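S.K.: With numbering that gives the first Met the number 0 applied, the sequence shown has no gaps in its numbers, which climb one by one up to 278 at the end. All C-beta atoms in this analysis are idealised placements derived from N, C-alpha and C, irrespective of residue type, glycine included. Bear in mind the structure is a predicted one, so any value in this text is a computation, not a measurement. Handing you this structure, nothing more for now.
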Amino acid sequence: MTYNSTLPKVFVYLLTTIETLYQTSVPLEVQNRKNVHLATSDCLVIACYLWGVLHFSETLKAKHQLAQSLFPNFLEYSRFVRRCNALLPSIQVIRQALVFKEVEGMSVSIIDSFPLPLCQPIRNFISKFLGDYANVGYNSTKGQYFYGCKCHALVSESGYVIDYTITPASMADSSMTEEVLSQFGTPTVLGDMGYLGQSLHERLELEGIDLITPDMKQKKILFPNFSKRRKVIERVFSFLTNLGAEHCKSRSPQGFQLKLEMILLAYSLLLKSAKSLEP
């Protein structure tokens with residue numbers, strides 16, 4: 000398919016890549032549903048949302064206005080919201096298809112978590128965003144308490160987010176390790192001090208997973224560059240934060256997950272593009 004030459008090249012890259020992934024990964028019953036011939040395709044809706052992410056638009060309204068600047072006859076705002084929410088399962092499938100192709104055959108991954116605050120610290124004990132899905136936790140990096148959620152993520156050494164799970168902010172990293180590794184655990188996983196505990200390590204060993212934590216003997220013998228290799232996940236979290244991961248102030252769980260999935264998809268597409276330019 001050809002596109003208007005006035006469209007930004009980055010937008011065209013987003014749209015064409017999404018179209019390819021959509022055709023090869025989204026179930027046919029979704030692709031061929033009765034309203035598939037809508038004037039605004041699923042791929043265009045997704046690409047416009049991603050375009051908003053790359054322009055640091057925090058709200059759906061801002062993303063919609065940005066889309067209208069490219070396409071004057073774009074969907075009205077309420078339909079854009081409904082289409083985005085309905086496309087969440089397809090967006091997840093597209094992101095997974097992209098990531099799994101890039102990390103196929105890897106043997107080492109990195110596990111960690113990062114905070115997803117939903118309000119300013121002064122409102123920690125009065126905010127009710129997301130209800131039972133959020134609470135007050137401690138951010139050791141900033142040395143302060145926050146109200147919100149926590150994203151526990153598994154990342155490849157090449158920088159792709161393989162899998163993740165969202166919990167209330169107070170949930171300990173070690174308690175979510177097995178869930179994060181349940182589907183895509185690699186033979187070796189690098190963790191930090193939050194993943195210490197003999198019983199956890201023994202349970203993972205029964206599943207064929209060797210969890211390496213900051214034990215000096217392990218670092219010197221097995222991974223002499225342990226700290227350097229773990230910095231990959233810190234850079235990934237920093238990039239996700241820059242794209243707005245710490246500003247997912249949605250009032251609904253679905254809206255919250257939609258924004259996070261779109262940020263992860265945008266990040267994965269940027270990473271794929273950057274790696275294609277490497278010599």
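Whose C-beta lies closer than 7 Å to the C-beta of L264 among residues of the same chain, with five residues either side of it excluded?
M.R.: Walking along the sequence shown from the start, residue 264 turns up at place 265. Closer than 7 Å at Cβ, skipping near neighbours: L49, I90, I93 and R94.
S.K.: Indicate the three-state DSSP secondary structure (helix, strand or coil) for L6 in the structure shown.
M.R.: Walking along the sequence shown from the start, residue 6 turns up at place 7. The answer is coil: DSSP assigns L6 none of H, G, I, E or B.
S.K.: Just the Cα atoms here: how many angstroms apart are A171 and T212?
M.R.: Residue numbering aside, residue 171 sits at position 172 when the sequence shown is read from its first letter. Residue numbering aside, residue 212 sits at position 213 when the sequence shown is read from its first letter. Whole-angstrom Cα-Cα distance: 16 Å.
S.K.: Leaving out five residues on either side along the sequence, give the residues of the same chain with a beta carbon under 8 Å from the beta carbon of N84.
M.R.: The sequence position of residue 84 within the sequence shown is 85, counting from 1. Excluding sequence neighbours, N84 sits near Q253, G254 and L257.
S.K.: Identify every run of the beta strand (DSSP E) within the stretch 186-228, keeping only runs that are complete inside it and at least 3 residues long; order them along the chain.
M.R.: List check, beta strand (DSSP E) in window: 187-189 and 209-211.
S.K.: Quick check on the DSSP output: the beta strand (DSSP E) that includes D162 runs from which residue to which?
M.R.: Counted from its first residue, the sequence shown places residue 162 at position 163. V160 to P167 is the extent of the beta strand (DSSP E) around D162.
S.K.: Do you know how far the Cα of S68 is from the Cα of Q119?
M.R.: Here the question's residue 119 lines up with position 120 in the sequence shown. Here the question's residue 68 lines up with position 69 in the sequence shown. Rounded to whole angstroms, Q119 to S68 spans 32 Å at the Cα level.
S.K.: For a quick check, are the C-beta atoms of V179 and L153 less than 8 Å apart?
M.R.: What you label residue 179 is simply residue 180 of the sequence shown in a count that begins at 1. What you label residue 153 is simply residue 154 of the sequence shown in a count that begins at 1. In this structure, L153 lies closer than 8 Å to V179 by Cβ.
S.K.: Starting from I93 and walking both ways along the alpha helix (DSSP H), at which residues does that stretch end?
M.R.: By 1-based counting over the sequence shown, the position of residue 93 is 94. Run containing I93: L87 to V102, per the alpha helix (DSSP H) assignment.
S.K.: By the three-class DSSP mapping on this structure, what secondary structure does A171 have?
M.R.: One-based indexing of the sequence shown puts residue 171 at position 172. Coil at A171, not helix or strand.
S.K.: Is the stretch 139-157 touching the stretch 108-117, taking contact as three or more C-beta pairs under 8 Å?
M.R.: Yes: at least three Cβ pairs fall under 8 Å.
S.K.: What does the Cβ neighbour count give for R229, buried or exposed, with the cut at 16 atoms within 10 Å?
M.R.: Residue mapping note: residue 229 aligns to position 230 of the sequence shown, counting from 1. Buried, since its Cβ has 16 or more Cβ neighbours within 10 Å.
S.K.: State the DSSP-derived secondary structure class of H334, mapped to helix, strand or coil.
M.R.: Nothing can be reported for residue 334, as the shown portion of the chain is limited to 0 through 278.
S.K.: Using only the alpha-carbon positions, how far apart do K8 and C47 sit?
M.R.: Taking the first residue of the sequence shown as position 1, residue 8 is located at position 9. Taking the first residue of the sequence shown as position 1, residue 47 is located at position 48. Taking the straight line from one Cα to the other gives about 13 Å.
S.K.: Got a sec, what are the start and stop residues for the alpha helix (DSSP H) F255 sits in?
M.R.: For this step, residue 255 is matched to residue 256 along the sequence shown. Start and end: P252 to S275.
S.K.: Alpha carbon to alpha carbon, how far is L53 from L117? Give it in angstroms, no decimals.
M.R.: Residue 117 sits at position 118 when you count from the first residue of the sequence shown. Residue 53 sits at position 54 when you count from the first residue of the sequence shown. The straight-line gap from Cα to Cα measures roughly 21 Å.
S.K.: For D214, is the classification buried or exposed, using 16 other Cβ atoms within 10 angstroms of its Cβ as the cut-off for buried?
M.R.: Here residue 214 corresponds to residue number 215 of the sequence shown, with the count starting at 1. So D214 ends up on the exposed side.
S.K.: Can you find the residues in the same chain that come closer than 7 Å, C-beta to C-beta, to T185, ignoring five residues on each side of it along the sequence?
M.R.: Stepping through the sequence shown from its first residue, residue 185 is reached at position 186. M105, S106, V107 and S108.
S.K.: For N123, name the three-state secondary structure that DSSP assigns.
M.R.: Mapped onto the sequence shown, residue 123 falls at position 124. Note: N123 maps to coil in three-state DSSP.
S.K.: Taking 8 Å as the threshold (C-beta atoms), are L270 and Y163 in contact?
M.R.: What you label residue 163 is simply residue 164 of the sequence shown in a count that begins at 1. What you label residue 270 is simply residue 271 of the sequence shown in a count that begins at 1. Going by C-beta atoms, Y163 is not nearer than 8 Å to L270.
S.K.: Tell me which same chain residues have a C-beta within less than 6 Å of the C-beta of G51, skipping the five on either side of it?
M.R.: What you label residue 51 is simply residue 52 of the sequence shown in a count that begins at 1. Closer than 6 Å at Cβ, skipping near neighbours: K62 and L65.
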